[in-house]
Amino acid sequence: MALTGYGQKLTLNLKNAKIYTVIDAIEKETGYTFVYKKKDLDRIRRVDLHVINAELIDVLEKVFPTEKGLSFQTRNSVVIVKALPMFASAEKVKAKSMIPPVEQHDVRGMVTDSTGMGLVGVTVSVKGDSRTMTSTDQNGRYVLSVPENATLVFTMVGFLQQEIFVDGREVIDIALAQDQSGLDEVVVVAFSGKQKKREVVSSVTSINPSELKVPSSNLTTALAGRLAGLIAYQTSGEPGQDNADFFIRGVTSFGTGKVNPLILMDNVEISTDDLSRLHPDDIQSFSILKDATATALYGARGANGVVLVTTKEGKEGRPKISLRLENSFSSPTKTVKMADPITYMRLANEAASTRNPLAPIPYSNRQIDNTISGGNPYVYPAVDWMSMLTKPVTSNQRVNVNINGGGRVARYYIAGSFAQDNGVLKVDKRNNFNNNIDLKKYLLRSNININFTNTTEAVIRVHGTFDDYVGPITGGNDMYRKILQVSPVRFPAYFAADEKYERAEHILFGGYEGDSYMNPYAEMVKGYRQESKTAMMAQIEIKQDLSWLTKGLDARILGNTIRNSGFDVRRAYSPFYYQVANYDRFSDEYILRELNASSGNSYIEYIPGYKSVVNSFYAEAALAYNRTFEKHSTSGMLVGIARNSLTGNAGSLSESLPKRNLGVSGRFTYGFGSRYFAEFNFGYNGSEKFDKGHRWGFFPSFGLGWSVSNEPFWKGGLKDVISMLKLRGTYGLVGNDEIGSERFFYLSQVTIGGGGGFSTGYDLSSGTGISRNGVRISNYPNSQIGWEIAHKTNLGIDVGLFNGKVEILADLFREHRTNILQNRADIPTSMGLWATPQVNVGEALGKGADISVDYNHVVFPGFWFVGRANFTYARSTYKYYEEADYASIGLPWLSRVGNSVSQRWGYVAERLFIDEADVANSPRQDFGEYLAGDIKYKDINGDFVINEADMVPIGRPVIPEINYGFGLSVGYKSIDFSFFFQGSAHSSFWIDPAAMSPFKQTSSGGQVLETGLTQFIADSYWSEQSQNPYARWPRLSNTIINNNMQSSTWFMEEGPFLRFKSAEMGYTLPQKAAERLKLSKARLYINGTNLLMFSRFKLWDVEMGGNGLNYPLQRVFNLGVNISF
998 MALTGYGQKL TLNLKNAKIY TVIDAIEKET GYTFVYKKKD LDRIRRVDLH
1048 VINAELIDVL EKVFPTEKGL SFQTRNSVVI VKALPMFASA EKVKAKSMIP
1098 PVEQHDVRGM VTDSTGMGLV GVTVSVKGDS RTMTSTDQNG RYVLSVPENA
1148 TLVFTMVGFL QQEIFVDGRE VIDIALAQDQ SGLDEVVVVA FSGKQKKREV
1198 VSSVTSINPS ELKVPSSNLT TALAGRLAGL IAYQTSGEPG QDNADFFIRG
1248 VTSFGTGKVN PLILMDNVEI STDDLSRLHP DDIQSFSILK DATATALYGA
1298 RGANGVVLVT TKEGKEGRPK ISLRLENSFS SPTKTVKMAD PITYMRLANE
1348 AASTRNPLAP IPYSNRQIDN TISGGNPYVY PAVDWMSMLT KPVTSNQRVN
1398 VNINGGGRVA RYYIAGSFAQ DNGVLKVDKR NNFNNNIDLK KYLLRSNINI
1448 NFTNTTEAVI RVHGTFDDYV GPITGGNDMY RKILQVSPVR FPAYFAADEK
1498 YERAEHILFG GYEGDSYMNP YAEMVKGYRQ ESKTAMMAQI EIKQDLSWLT
1548 KGLDARILGN TIRNSGFDVR RAYSPFYYQV ANYDRFSDEY ILRELNASSG
1598 NSYIEYIPGY KSVVNSFYAE AALAYNRTFE KHSTSGMLVG IARNSLTGNA
1648 GSLSESLPKR NLGVSGRFTY GFGSRYFAEF NFGYNGSEKF DKGHRWGFFP
1698 SFGLGWSVSN EPFWKGGLKD VISMLKLRGT YGLVGNDEIG SERFFYLSQV
1748 TIGGGGGFST GYDLSSGTGI SRNGVRISNY PNSQIGWEIA HKTNLGIDVG
1798 LFNGKVEILA DLFREHRTNI LQNRADIPTS MGLWATPQVN VGEALGKGAD
1848 ISVDYNHVVF PGFWFVGRAN FTYARSTYKY YEEADYASIG LPWLSRVGNS
1898 VSQRWGYVAE RLFIDEADVA NSPRQDFGEY LAGDIKYKDI NGDFVINEAD
1948 MVPIGRPVIP EINYGFGLSV GYKSIDFSFF FQGSAHSSFW IDPAAMSPFK
1998 QTSSGGQVLE TGLTQFIADS YWSEQSQNPY ARWPRLSNTI INNNMQSSTW
2048 FMEEGPFLRF KSAEMGYTLP QKAAERLKLS KARLYINGTN LLMFSRFKLW
2098 DVEMGGNGLN YPLQRVFNLG VNISF
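All residue numbers in the sequence shown are consecutive under the numbering used here, ending with 2122.
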């Protein structure tokens, strides 16, 4: 089939022009796009081109002559320039192009990548006939008329060429494998830099944004187990409060400053909340930078690693619209199980009598018997508060729509999304408002690219998120905790409406002894809280190609402003509480006694909330250079930055002042022969927090790389098996100025009227003396405080097997964190200091390894699978900690040095005391009264007294040291299936005994809280009858037993788990069926997340750790459709 599109006439007059200038001129005149490898065009230095009304084919033959070893192919407005085989002469090419036509037939098919996705723009040609060709459409399909005995050649930049003998077939489907030695995959690095993957010497991990498309409106919940080097876990499932905590290679600091990574979206710092709102469909790339070479350019903020996110931009072509609709159903993965009311009463009686046999029991046999027999529920209440306050399932909805397209002058990507997350709390229809959690998120994004000239481009980005939240007054987490803070038999949630009472039109809430006893149902439905948050970002970036000065030089400037604002309002009434009085058990009649006639009200009141406005501005200017001279590749970049942030509702003078940073950064790289690579980076940053002598910090780094597989000796069978092998190593310094809570360490903070007072008079006890407040210094100046510094070392290896089917990236890392801010521990009280001075003395040591493995395989056309796995081990320990010299006093186990920075100290619990003789014959425990059945602690120092000197490191670190994930995706024709597992290990957490202790009464906010009984305590506790020294819970009590509240191994739990994190099955509509519906693509899918959990811990979802009484994590099942047109 002859080439088409050559009818255009061109008039060009170019003398001694660069080949790229000629290509730009042809593209401008014709609208064609050129695809080529830069190394192929190096054989053409300069071009003289003088044509008038010439055919395009004639122009192309002049520009890419065969004697230069080049050929060209064109189809659908794309010109593909390739190098000819070395043996091909101009005469051969010309002869082949003149072969007369023979009998032909149509061959059709589909070209996909290794994952089964259709490839656009693949050139399909007949071998030996460069004029018979076509290219695949936007779905990867092609049709070509060829001779019966032809051989089809499939080529595309970045993929290995394949040849298929037609042999009379009419349908030929094929999958192309990536070309590891062709156009290299580009990795996004600091400050919008891009490096070929083969040249990267730093430690960077990227993830395909499609892997983040889980059924959740919170992006951070999808990160756990997905990226090597990232440690993440989630401790709450409440909408709006469900951000995952995540760290890059663990936490290697123990100060009061920031330990989370720096998060950047399109070069600008954003918060974890901002990241959580991003929609995966809008993300172009997602990477984490882990070592010093990758993060040194962010010297002021890069010590904890960097998360880099770039958003999508428009592509040339007609408008393309993509729509995603999802509806999901969520329910708790696991909730704390409470004991039944009968067990509660019996054990409450035992708790009262077991420690004092003469104490009155709270529940009579009659009350217990009547409750068992199902007596009047208002007189003998038996409330399942969990069922009363929560429902088992709720539904959520998500929508995302985006449109992109444009021409040579302007391109656009415009997106909008909406998500509604509902809570699992119940609503009382008798109220005229919704107290359940209802979180609506709106997101708008516009990325516009404008080419003012062939060398000048502007990118205008506007992004806005808007959150509207409605929920209970104190939030979902607090409501779940309240379920455990009430007796199931003290009073009913509410009484039936009865018109004989004065306020019968209102809910008659149950109460006891006035309004002091907390009724969680009343607390939940009595009012609601509304919160609105807005984040607006506007950014302009101008890029200028300066190749006219020197080839490979370009510059850009960027300005960005962000305004975050938020406020909340609360509206609630004060409930009326009632209690049964004058009950006649024979007639089953009673009256209700109003408990708080004076304090209750029947109208909604306004409760003031918070207001917040933060405005920030960021400016960046960069000059970059990238060029290749034969075997030498060089690049460089210089960047200057300035930040300014202002808080509008600051609570103090220092907080009201603008927060500012300045910095200059640079990167320089060199490569030789695609084998040897070197890189140097630096950041020179200034922080307002430090005095002039320490305000500026210099943070250099360097790295080396050796691509062994590109050596001449690496060939033959070895190359076929190990197609890529690269060794890398880096070392450098990275800073952190977000330490401590003070704004200016070099200034004093003086409080007037807050201390330092004096008094006088002859009789202070009788009140006749005189006192006056004075001046207190709450923060002493220290001009020597400076940057926290991370000294990072990284050794890595990249391995590719079987022509790219398997890719392995492995790193060993070590970090020495110095200048960690600490309070001085050895200041004598005789100095009279009110506040403790702070200094940069702390040191920590982190080390570990991370590895990722990816496997791509096409079994046969239409059947493919992709496997992936990653593993991270990161351990951080104290190297120096300001503390007493415990070794000199014979207590070395009290020292933090050598222990994990998230290690917990406590007592070793041996068992429970068996009886009073056991108590009498054991070391004294200095924690108050204790009896048989209470916890017995180990005497570490052998002085026969248990006190703080016996505290030792217990358990594993709180932050998991091991994170891992693995999954598989499989596709066959139109059907695909994937699953993913995520796990964590080497961590411990602690049950809070004070929060779990049943039957105790405590006061909080003017209310009496009466802790309920969890089932695990009812199942295993020490009693006079069993005297089990290894029961789960000590001897019962209706008061706090301080001896049992100590931090110890008794309430320690192991945190390892394996979670069936997600699974998805999808069906893509056949292309012909989609076209009949006027669609370019349609896919239906069903997926789920948090599907199963494997763990030894059974009380609640173990990933929540010690936060198990919070709003539970959610299991989600989701149905979605994604269509494009």
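We put the CB at the ideal spot given by N, CA and C, even for glycine. Everything numeric in this text was worked out from a predicted model, so none of it was measured.
Measure the C-alpha to C-alpha separation of residue i and residue j and round it to an integer number of angstroms.
{"i": "L1007", "j": "D1103", "result": "33 Å"}
{"i": "G2102", "j": "P2053", "result": "10 Å"}
{"i": "S1706", "j": "I1805", "result": "14 Å"}
{"i": "L1261", "j": "L1701", "result": "26 Å"}
{"i": "Q1541", "j": "D1551", "result": "6 Å"}
{"i": "V2113", "j": "P1212", "result": "7 Å"}
{"i": "G1839", "j": "I1774", "result": "24 Å"}
{"i": "D1425", "j": "V1522", "result": "7 Å"}
{"i": "A1147", "j": "G1165", "result": "9 Å"}
{"i": "I1972", "j": "I1447", "result": "39 Å"}
{"i": "P1354", "j": "D1581", "result": "31 Å"}
{"i": "Q1781", "j": "K1287", "result": "29 Å"}
{"i": "M1533", "j": "Y1466", "result": "18 Å"}
{"i": "I1824", "j": "Y1777", "result": "13 Å"}
{"i": "L1842", "j": "E1235", "result": "35 Å"}
{"i": "R1725", "j": "R1042", "result": "34 Å"}
{"i": "D1039", "j": "D1045", "result": "16 Å"}
{"i": "G1980", "j": "I1959", "result": "8 Å"}
Name the DSSP beta bridge partners of residue i, please?
{"i": "Q2022", "result": "Answer is none; Q2022 lacks a bridge partner."}
{"i": "L2130", "result": "Residue 2130 is absent from the model: the chain starts at 998 and stops at 2122."}
{"i": "F1430", "result": "BP columns for F1430 are empty, so no partner."}
{"i": "Y1875", "result": "A1841 and V1894"}
{"i": "N1399", "result": "S1319 and A1412"}
{"i": "Y1491", "result": "F1506"}
{"i": "A1569", "result": "G1524 and E1602"}
{"i": "N1444", "result": "Y1410 and R1458"}
{"i": "G1648", "result": "BP columns for G1648 are empty, so no partner."}
{"i": "K1608", "result": "F1564"}
I'd like the list of long-range same chain contacts for residue i, defined as Cβ closer than 8 Å, with 5 residues on each side in sequence excluded.
{"i": "V1032", "result": "V1075, V1076, I1077, V1078, G1118 and V1154"}
Assuming residue i and residue j make a contact with CB atoms under 8 Å, what is their CB distance in whole Å?
{"i": "L2106", "j": "V1333", "result": "7 Å"}
{"i": "R1821", "j": "E1879", "result": "6 Å"}
{"i": "I1932", "j": "W1902", "result": "With a Cβ gap of about 16 Å, I1932 and W1902 do not count as contacting."}
{"i": "A2079", "j": "A2071", "result": "5 Å"}
{"i": "K1628", "j": "F1669", "result": "6 Å"}
{"i": "E1676", "j": "T1290", "result": "6 Å"}
{"i": "F2094", "j": "E2050", "result": "5 Å"}
At what residues does the alpha helix (DSSP H) containing residue i begin and finish?
{"i": "T1018", "result": "I1016 to T1027"}
{"i": "G1962", "result": "From DSSP, G1962 is part of no alpha helix (DSSP H) but of the beta strand (DSSP E) over I1959 to Y1969."}
{"i": "R1478", "result": "G1473 to I1480"}
{"i": "F1283", "result": "Premise fails: F1283 lies in the beta strand (DSSP E), I1280 to L1286, not in any alpha helix (DSSP H)."}
{"i": "I1365", "result": "N1362 to I1369"}
{"i": "D2016", "result": "Q2012 to D2016"}
{"i": "N1346", "result": "P1338 to R1352"}
Can you list, in chain order, the residues of its chain with a C-beta nearer than 7 Å to that of residue i? Leave out the 5 residues immediately preceding and following it.
{"i": "T1001", "result": "In this prediction, T1001 scores a pLDDT of 37, lower than 50, which makes its location untrustworthy; no coordinate-derived value is stated."}
{"i": "Q1101", "result": "S1142, V1143 and P1144"}
With a CB to CB cut of under 6 Å and the five nearest residues on each side skipped, what residues in its chain are close to residue i?
{"i": "F1695", "result": "Y1681"}
{"i": "N2115", "result": "P1212, E1323, S1325 and N2084"}
{"i": "V1636", "result": "F1188, A1619 and S1662"}
At what residues does the beta strand (DSSP E) containing residue i begin and finish?
{"i": "V1123", "result": "T1120 to V1123"}
{"i": "N1820", "result": "V1803 to N1820"}
{"i": "Q1159", "result": "Q1159 to F1162"}
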